[in-house]
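Numbering (the UniProt record's numbering), first residue to last: 1 to 130.
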Amino acid sequence: MGHSAIVNTSGNGDCHIILRGGKEPNYSAKHVAEVKEGLNKAGLPAQVMIDFSHANSSKQFKKQMDVCTDVCQQIAGGEKAIIGVMVESHLVEGNQSLESGEPLAYGKSITDACIGWKIPMLCYVNWRMQ
């Protein structure tokens, strides 16, 4: 049987903030700077991960490449706080409905619409070229 408890820890030194947008996108250099400032004031590591999808792409999966381009420019410009990105991708672009008795297309998402696998590779090449 479990028991309730209050436990104090030293925390997780590898924590980070994920910027995935809200009412509007929040991946720009201005947003990253604001988050870094807040983390520094709190005595936490200035580490940011950026979600290319969701509200940062205005929930339009094909706009993830626009986010990628901006984030790559920030990294190429010397931004060290961006420690990772999240890309909503699958083997085949788009998504499909999971219908009882209906066949599924191989490699296509059954949840959110995704960019195809070739696009993240282009993003990687874009980043490496900068």
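Note that the Cβ used here is the ideal one computed from N, Cα and C, for glycine as well.
Check your understanding: Is the Cβ-Cβ distance between C114 and S97 less than 7 Å?
Key -> At least 7 Å separates the beta-carbon of C114 from that of S97.
Review point. Secondary structure at V51, three-state DSSP: helix, strand or coil?
Key: According to the sequence as given, residue 51 is Asp; it is not Val. Of the three classes helix, strand and coil, the one that applies to D51 here is strand, per DSSP.
Review point. Roughly how many angstroms lie between the CA atoms of Y106 and I17, to the nearest whole one?
Key: About 34 Å.
Point to revise | Identity of the residue in S58, G84 and K118 nearest K23 by Cα | key: If we check each option's Cα against that of K23, S58 comes out closest.
Review point. When burial is assigned at 16 or more other CB atoms within 10 Å of the CB, is H3 buried or exposed?
Key: With fewer than 16 other Cβ atoms within 10 Å, it is exposed.
Check your understanding: Quick one: is the Cβ of I110 within less than 6 Å of any heavy atom of the ligand NAD?
Key -> For the ligand NAD, the structure offers nothing, since it holds no ligand at all.
Point to revise | Buried or exposed (CB count within 10 angstroms, at least 16 for buried), C15 | key: Around the beta-carbon of C15, fewer than 16 other beta-carbon atoms lie within 10 Å, marking it exposed.
Review point. Going along the chain, which unbroken runs of the alpha helix (DSSP H) with 4 or more residues stay wholly within the UniProt domain "DAHP synthetase I/KDSA" (7-119)?
Key: Counting whole runs of 4 or more residues, the UniProt domain "DAHP synthetase I/KDSA" (7-119) contains the alpha helix (DSSP H) stretches 29-41 and 64-76.
Review point. CB V48 to CB I82, shorter than 7 Å?
Key: Closer than 7 Å, so yes.
Exercise for review: Kindly indicate which residue of M1, V87, T9 and G101 has the alpha-carbon position closest to the one of S53.
Suggested key: Answer by Cα proximity: V87.
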